[in-house]
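Note sheet for the following structure.
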Amino acid sequence: MSGLPSPENFGYMHAMNRALHAEMAADEDVFLLGEDVGVGASGVTSGLLPRFGPERVLDTPLSEQAFTSFGTGAAMAGKKPVIEFQISSLIYLVFEQIVNQAHKFSLMTGGQVRIPVTYLVAGSGSRFGWAGQHSDNPYSLLAHAGVKTVVPGLAADAYGLLRAAIQDPDPVAVFAPSSLLGATDVSYAGEEDIVPLGQANVVREGGDLTVVAVGQHVGTAIEVAESLADRVDIEIVDPRTVYPFDWECLRKSVDKTGRLVVIDDSNRMCGLGAEIVATAAEEFDLVAPPRRVCRPDGTVIPYALALDKALVPGAGELTAAIDATLK
Amino acid sequence: MTSENRPALYRSMKLIREFEERCLAMAIAGEIDGGIHPYIGQEAVAVGICANLSERDFITSTHRGHGHVLAKGADPRRLLAELLGTLEGFNKGRGGSMHAADMKLGILGANGIVGAGGAIASGAAWAAKARGDSEVVVSFFGDGAMSQGVLLEAFNLAAIWSLPVLFVCENNRYATSLKLESGLAGGAARRAEGFGLVSRGVDGMDVEAVESAAAELLEGVRAGRGPAFLECETYRFFGHHSVLELLGVEFRDPDEVALWRTKDPIPLLGDQLGEDVVAGIDAAVKETIDEAVAFAKNAPSPDPKDALMYLYAGATAVRPGVIL
Ligand SMILES: Cc1ncc(C[n+]2csc(CCOP(=O)(O)OP(=O)(O)O)c2C)c(N)n1
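Residue numbers (this note's numbering), protein chains in the order written: chain X, 1 to 327; chain E, 1 to 324.
Have a look at this one:
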């Protein structure tokens with residue numbers, strides 16, 4: 001792929017690509033590194049090499065651990081690296097470099113240094129038929145470790161959050177759900193505002209029940225809310241940033257509705273959904289037990305498409321959880 | 001190498017030795033929390049290398065980092081204050097022995113993960129080069145680190161991008177208790193050569209030899225000829241860390257330790273300076289360390305309510321855990 005995505009394809013990938021172009025144009029300390037970023041193999045980095053040159057778009061060898069900490073060192077010396085990972089599971093390979101190094105330097109040095117790196121996972125979650133090692137969604141792990149983590153569910157947010165992530169003085173991970181990369185999105189007109197980290201978005205207003213929807217499930221939740229509109233008035237909260245989480249926005253919503261369902265495409269055990277439900281149970285006034293729709297404990301996505309789809313939550317499971325909460 | 005440099009090299013080694021002996025005693029006495037990894041015996045490496053660096057050059061260091069940090073010019077008072085977990089420490093008591101860092105002196109941190117510094121060094125070197133600056137980066141690590149994949153990956157990055165990094169392997173023959181021969185196939189320098197790094201070995205107990213080997217390699221690094229590798233054969237006189245020392249865990253033949261002690265780099269250089277010069281430097285160093293101890297012991301402690309201070313740049317609200 002070369003050049004920008006075509007204008008009639010104004011979708012999520014285009015939004016991320018535009019965000020990279022905008023940040024690299026705005027700040028010459030921003031540079032990009034990763035595997036095959038020059039040709040834009042993921043689609044997200046298209047056109048950057050011809051525009052900004054090989055000094056700012058570095059095609060790396062297949063050395064995730066080294067280039068992740070390379071980013072940390074470059075950041076310590078004044079640069080703002082954006083590191084693209086070809087596969088979401090590569091985050092496991094560089095957990096040490098992100099969580100144990102980049103994330104901890106600011107505190108461990110007593111504030112002497114900040115590490116403004118962006119980790120861009122341009123294709124997270126199931127890719128429908130890519131099996132065990134290419135289908136995970138490890139954002140809960142980074143949130144658990146306290147790394148700033150965003151999962152944009154809409155193209156406009158993908159643009160605005162990626163820009164905010166690059167501008168942020170701390171390490172930030174940006175997970176772009178693979179099922180959205182190819183999607184076009186009417187919410188996105190081509191140039192949007194920066195979306196501050198840590199601010200949730202009420203995607204749809206409603207008075208009966210709050211659905212927290214993460215990533216591609218913002219779309220799932222909108223679809224379900226519309227299909228149930230004649231019997232339940234659903235409010236949809238898209239956290240956008242999963243860490244730090246906008247608890248105030250959610251509190252306001254649940255104060256109004258008294259019911260909560262979370263749909264989150266990470267594993268159940270210690271996943272993001274667990275945290276949201278636990279906090280709601282501890283702190284919010286609920287009229288029914290909160291529920292979560294997520295992958296089973298410790299899911300490994302099998303190859304066969306029917307099995308893959310069976311483990312990833314969707315509209316059916318969300319509808320069932322909503323019904324159970326309304327009973 | 002001219003003989004005028006000798007008193008400075010001697011002073012720097014002596015400062016590290018005195019600092020470390022005091023620290024080891026304080027750690028064993030429980031005055032320093034956690035443990036420390038004493039650098040005693042290896043001083044010639046840090047001092048010989050850092051004699052070639054300016055304040056603007058960078059280093060990355062290891063779990064055994066006090067020597068590197070001091071040789072790079074860090075204030076021993078603030079290093080000791082850090083080891084005592086006080087606000088006067090470089091890291092305001094948040095880093096301690098294994099994370100001591102002074103960004104103003106280009107000290108990108110001691111590091112508690114073996115082999116972690118090499119890739120950080122490469123990134124810093126790339127950033128300096130990209131800016132058109134002339135800084136170089138020295139990355140220190142032990143022989144144990146040579147088996148960490150990330151370090152070997154970093155050699156590759158530094159070589160293909162021709163980065164201004166000097167990788168310094170302090171081969172002290174042991175990784176904790178693991179003997180060199182049981183942990184490293186093929187030899188350290190040969191591995192580096194495999195990545196195309198200009199590489200050399202040197203007697204790491206001879207500060208002047210280290211100084212001149214580093215000078216030669218750094219000349220090429222500064223001239224833009226790409227990364228280099230220096231293996232320094234050295235030895236630690238004490239055990240792996242203060243806790244093992246305290247437990248009395250020893251795994252080395254006492255004769256071997258005694259033999260290496262005859263190669264102690266400090267008297268080796270001191271003998272060339274004359275007794276008077278040595279006595280003068282020794283007394284001044286002792287005074288400096290006495291002052292550092294007094295300074296550190298009087299430094300204020302951080303407030304527990306600020307335990308997570310500095311984690312994030314802005315006012316990211318961290319929800320309570322222990323402190324409900
Ligand atoms: C990646 C990693 N593995 C294990 C440890 C525990 N550990 C700390 S120091 C050390 C030995 C390191 O040996 P070497 O690199 O030769 O340095 P030396 O201690 O001899 O200076 C080990 C195993 C660690 N800190 N990091």
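For glycine and all other residues, C-beta sits at the position ideal for the given N, C-alpha and C.
Remember, predicted model here, so these are calculated numbers, not experimental data.
One or two residues paired with residue i in a DSSP bridge
i        : result
GLU231/E : CYS169/E and GLY201/E
THR241/X : VAL150/X
ALA75/X  : For ALA75/X, which the question treats as bridged, DSSP gives no partner whatsoever.
ALA235/X : Rather than Ala, the amino acid found at residue 235/X in this sequence is Glu. THR210/X.
TYR139/X : Per DSSP, none; premise fails for TYR139/X.
LEU178/E : ALA175/E
THR184/X : GLY11/X
ILE166/X : Paired residue(s): none; ILE166/X is not in a bridge.
ILE107/E : ILE59/E and ASP102/E
Simplified DSSP state of residue i, which is helix, strand or coil
i        : result
GLY34/X  : strand
VAL150/X : strand
GLN284/X : The amino acid occupying residue 284/X in the given sequence is Phe; Gln does not appear at that position. If DSSP states are grouped into helix, strand and coil, PHE284/X belongs with coil.
PRO7/X   : Low confidence applies here, because PRO7/X scores a pLDDT of 47, under 50, leaving its location unreliable and the question unanswered by this model.
SER2/X   : Below a pLDDT of 50, predicted positions are generally treated as unreliable, and SER2/X, at 39, falls in that range; no measurement from the model is reported.
PHE141/E : strand
ASP102/E : strand
THR319/X : helix
GLY228/X : In the sequence as displayed, the identity of residue 228/X is Leu instead of Gly. DSSP places LEU228/X in coil when its eight states are reduced to three.
LEU324/E : Confidence at LEU324/E is low in this model, with a pLDDT of 41, below 50, so its placement is unreliable and the value that follows should be read with caution. Three-state DSSP puts LEU324/E in coil, outside helix and strand.
PRO81/X  : strand
LEU15/E  : helix
PHE58/E  : strand
ILE87/X  : coil
GLY129/X : coil
ILE115/X : coil
SER69/X  : helix
ILE98/X  : helix
Heavy atom of ligand 1 within 8 Å of residue i beta-carbon
i        : result
ALA189/E : no
PHE141/E : yes
VAL99/X  : no
VAL114/E : yes
ALA175/E : yes
GLU60/E  : The sequence as given places Thr at residue 60/E; Glu does not occur at that position. Not so, every heavy atom of ligand 1 lies at least 8 Å from the Cβ.
ARG236/E : yes
ALA145/E : yes
HIS37/E  : yes
GLU170/E : yes
GLN148/E : yes
HIS68/E  : no
ARG268/X : no
ARG56/E  : no
HIS240/E : yes
HIS63/E  : yes
Residue i, buried or exposed, once every other Cβ within 10 Å from all chains shown has been counted against 16
i        : result
LYS92/E  : buried
PHE155/E : buried
ARG231/X : exposed
SER54/E  : exposed
ARG236/E : buried
LYS129/E : buried
ASP276/E : exposed
GLY132/X : exposed
LEU324/E : Bear in mind that a pLDDT of 41 at LEU324/E, under 50, signals an unreliable position, so the number given afterwards is only what the model happens to contain. Exposed is the call here.
LEU305/X : exposed
THR262/E : exposed
Residue i: first and last residue of the uninterrupted beta strand (DSSP E) it sits in
i        : result
ASP265/X : 260-267
SER301/E : Note, SER301/E: premise wrong, no beta strand (DSSP E); not H, not E.
LEU58/X  : 57-59
ALA173/X : 172-177
Residue interval of the alpha helix (DSSP H) (run including residue i)
i        : result
CYS294/X : Careful: CYS294/X lies outside any alpha helix (DSSP H), inside the beta strand (DSSP E) at 291-295.
ASN201/X : Taken as a continuous stretch (DSSP letters only), ASN201/X belongs to no alpha helix (DSSP H), being part of the beta strand (DSSP E) at 201-204.
PRO76/E  : 76-83
GLY123/X : Counting along the chain, GLY123/X falls outside any alpha helix (DSSP H), though it belongs to the beta strand (DSSP E) covering 118-124.
VAL221/E : 207-222
VAL69/E  : 66-71
PHE335/E : Because residue 335/E is not part of the residues shown, which for chain E are 1 to 324, the question remains open.
LEU266/E : Reading off the sequence shown, one finds Ile at residue 266/E, where the question assumed Leu. 265-270 is the span of the alpha helix (DSSP H), which, as asked, contains ILE266/E.
Ligand 2 heavy atom lying under 8 Å from the CB of residue i
i        : result
TYR139/X : What this structure holds is ligand 1, not ligand 2.
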